[in-house]
Amino acid sequence: MTKIGDASEVARNRAPGAAGHRPGLPLPAGQGGSPAALGTETRIMPRPTLSPDDLKNRALWQTTSDMVFIVRRDGVVLSFHAPPELEYPLSVEKLAGRRLMELLPTALAQQAQYYVEKALRTGSMQSVSGQLQLPGKLRTFQVRLTPCGEGEVLATVHDATDRAQMEKELLEISHREQMRIGQDLHDGLGQHLTGITFLTRALEKKLAAQGLPEAAEVAEVSRLVMQALSQTRSLARGLFPVALESKGLIAAFRELATTVEEVFGVACMLDCDESVSIRDQIVATHLFRLAQEAVSNAVRHGKAKNVVIEFKRAGDYLALAVHDDGVGLPKEGPKAQGLGLKIMQYREQ
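Be aware that the sequence shown starts at 1, since it is given in my numbering, and climbs by one per residue.
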């Protein structure tokens, strides 16, 4: 018996006069002979029939630019799809049947396993991001895990390395602009206000020496200019925290608390472990900006009157928290999706 796996091969084995005959069935008498005349009995092996859902899933997998995993509850990779343009070599043979603990560094594997179990437990999609050192480059990944069957999770893995790099560059640009504006406020507007203060004081003394009543009005102008100068210097310190680079993070937090009290007129206390030292200037800057944005949100949006900046050790970690007595941020609306919150989320990473 000859088994044929392709319809074209069946056509080549037909007897003369058998055109249009259904493969796999004997030819009736009078239409080119009997099966014996052919010398072989021709049959075709049916190909697996895919359901409409299977065809749709295959199409989705082929069009996505992300990696797609099917992971079992115990962390075993059941299936894997990678887009053709993937820069690093991964294959089903290398991944299928292996556990997350075999494929990833321990900490990352434990994190992935936690979210697999959480997705199955809650029945809802889970999102997580992480970094993995691959040949030639440290890459940033964003992962979404969705329950897709009994004890199985579908995980889509998006390579967000380029986006993360762009976000980092945008933050650096923003930081440089803040420093520039802070310096401009201090060296430009601050100096002008200082000059006006000296002029108004001199005018006040001259008018007072002549016994003119306008001296009191000029004194009030001088007081208001001094107030504006103080606020300008406070804003400049907030935009360009000199203490952060010269004296360290704790000193910058202390200066931030003073600035908040001067600018917003609210009580701002500092509760910090003085022994904590952050040597990485980039990390220190992120922590300072996180605290600064959190305090600003508490005062401007939460209407807080009392704020506490807390920075202490928590086991092997350092914990930064901002407490306040305000009403909190809205959970919905434009303020709940503001740029400040998005930048804070990126800094946390």
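Even for Gly, the Cβ is constructed at its ideal location relative to N, Cα and C.
So the candidates are Pro-83, Gly-97, Gln-183 and Gly-151; which of them puts its Cα closest to the Cα of Leu-235?
Gln-183
Since Val-157 and Asp-66 are thought to touch, with beta carbons under 8 Å apart, how far apart are those beta carbons, to the nearest angstrom?
6 Å
Taking the DSSP output, what are the residues bridged to Asp-159?
Phe-141
Rounded C-beta distance between Phe-288 and Leu-249? I'm assuming under 8 Å.
6 Å
If you draw a straight line from the alpha carbon of Arg-300 to that of Ala-294, how long is it in whole angstroms?
10 Å
Using three-state DSSP, classify His-81 as helix, strand or coil.
strand
Measuring only the C-alpha atoms, how far is Ala-267 from Gly-302?
Going from the Cα of Ala-267 to the Cα of Gly-302 covers about 14 Å.
Taking 7 Å as the limit between beta carbons, can you name the residues of its chain near Ala-112, skipping five residues before and five after?
Closer than 7 Å at the Cβ level, and outside the excluded window around Ala-112, lie Leu-100 and Leu-104.
Who pairs with Leu-132 in a beta bridge, going by DSSP?
Arg-139
Could you tell me whether the Cβ atoms of Tyr-115 and Gln-126 are closer together than 8 Å?
yes
From Leu-134 to Val-68, what does the alpha carbon distance come to, in whole angstroms?
18 Å
My guess is that Val-76 and Leu-95 are in contact by the Cβ rule of under 8 Å, so how many angstroms apart are they, rounded?
With a Cβ gap of about 10 Å, Val-76 and Leu-95 do not count as contacting.
Mind checking whether Pro-83 and Thr-106 have CB atoms under 8 Å apart?
no
Distance check for Val-221 and Leu-203, CA to CA, integer angstroms please.
11 Å
In the DSSP output, what is Ala-321 paired with across the bridge?
Glu-310
Can you have a look at Met-45 and say buried or exposed, based on whether 16 or more other CB atoms are within 10 angstroms of its CB?
Confidence at Met-45 is low in this model, with a pLDDT of 44, below 50, so the placement of that residue is unreliable and no value is reported for it.
Closer than 6 Å by C-beta to Leu-90: which residues in its own chain qualify, once you throw out the five before and the five after it? Chain order, please.
Ala-82
For the alpha helix (DSSP H) that Val-237 lies in, which residues bound it at each end?
It is Arg, not Val, that sits at residue 237 in the sequence shown. Run containing Arg-237: 214-239, per the alpha helix (DSSP H) assignment.
Consider the Cβ of Glu-102: report whether some Cβ of chain C lies at a distance smaller than 8 Å.
In the structure shown, chain C does not exist; there is a single protein chain.
When burial is assigned at 16 or more other CB atoms within 10 Å of the CB, is Phe-80 buried or exposed?
When all chains shown are included, Phe-80 counts as buried.
On the CB-based measure, 16 or more other CB atoms within 10 Å of its CB, does Gln-292 come out buried or exposed?
Taking all protein chains in view, the Cβ of Gln-292 is crowded by 16 or more other Cβ atoms within 10 Å, so the residue is classified as buried.
Spatial neighbours of Gln-210 within its chain, please: CB distance less than 7 Å, with the 5 preceding and 5 following residues excluded, ordered by chain position.
Excluding its 5 nearest sequence neighbours in each direction, Gln-210 has no C-beta neighbour in its own chain below 7 Å.
Keeping to the same chain, check which residues put their C-beta closer than 7 Å to that of Arg-233; ignore five residues upstream and five downstream.
His-186 and Gly-190
How far does the beta strand (DSSP E) with Met-269 in it extend, from its first residue to its last?
267-272
What's the C-alpha gap between Gly-97 and Ala-155?
15 Å
Is DSSP giving Gly-149 helix, strand or coil here?
strand
Taking just the CA atoms, how far does Thr-161 sit from Arg-279?
Using only the alpha carbons, I get a separation of about 26 Å.
According to DSSP, what are the bridge partners of Arg-72?
Glu-152
Among the candidates Arg-139, Gly-123, Ser-129 and Gln-165, whose CA atom is the shortest distance from the CA of Cys-148?
Cys-148 has its Cα closest to that of Gly-123, out of Arg-139, Gly-123, Ser-129 and Gln-165.
Give the secondary structure of Gln-210 by DSSP, where H, G and I count as helix, E and B as strand, and everything else as coil.
Coil.
Is it right to say Asn-297 is buried, meaning 16 or more other beta carbons lie within 10 angstroms of its own, or is it exposed?
buried
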